[in-house]
Amino acid sequence: MGSTINLVCIIEKSPTPPQYVYWQKNDRLINYVDSRRDITIETTPGPRTQSRLIIREPQITDSGNYTCSASNTEPASIYVFVSKGDNMAAISRRKTSSADRLTHIFRSMLAPCLLLNTVVVRRIFLT
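Numbering of the sequence shown is given in the working numbering, commencing with residue 103 and proceeding in unit increments.
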């Protein structure tokens, strides 16, 4: 079985949880209805809203800049590179704002033949 890339966006300390969390790839909205069957988005609203973008069996075409955003927040971005030869994915953090005072959790991953690997894109706080 191949790899799974799991990008997680966490929104905390919001007076009201966001109704929607949007994911984009290379500045293009990922459609919740028409996206590939091996790409899913799961959002759990609450005091600590969590949205997951799950890519099963990643392909080279899945490489790109992924952005998570919700109303009244700064967007968070991360770059994903998928290599066919090694069957691995590498992820690197991209700074989204020079005025960013938030704590970021990020870890790089190489995912050869892993069933699930989670990367926290960013904790988003309302200011």
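Here a beta-carbon is modelled for each residue, glycine too, at the ideal position from N, C-alpha and C. Note that the structure is a prediction, hence the values are computed from the model and not measured.
A distance of 8 Å or more separates the beta carbons of Ser179 and Thr163. Of all alpha-carbon atoms in Ser105, Val110, Thr106, the one lying nearest the alpha-carbon of Arg150 is that of Val110. Ranking Asn133, Val182, Gln121 by CA distance to the CA of Gln152 puts Gln121 first. The C-beta distance from Ile157 to Asp140 rounds to 7 Å, short enough to fall under 8 Å.
Arg130 sits exposed, since fewer than 16 C-beta atoms from the chains shown fall within 10 Å of its C-beta. Boundaries of the beta strand (DSSP E) harbouring Lys127: 123 to 127, taken from the DSSP string.
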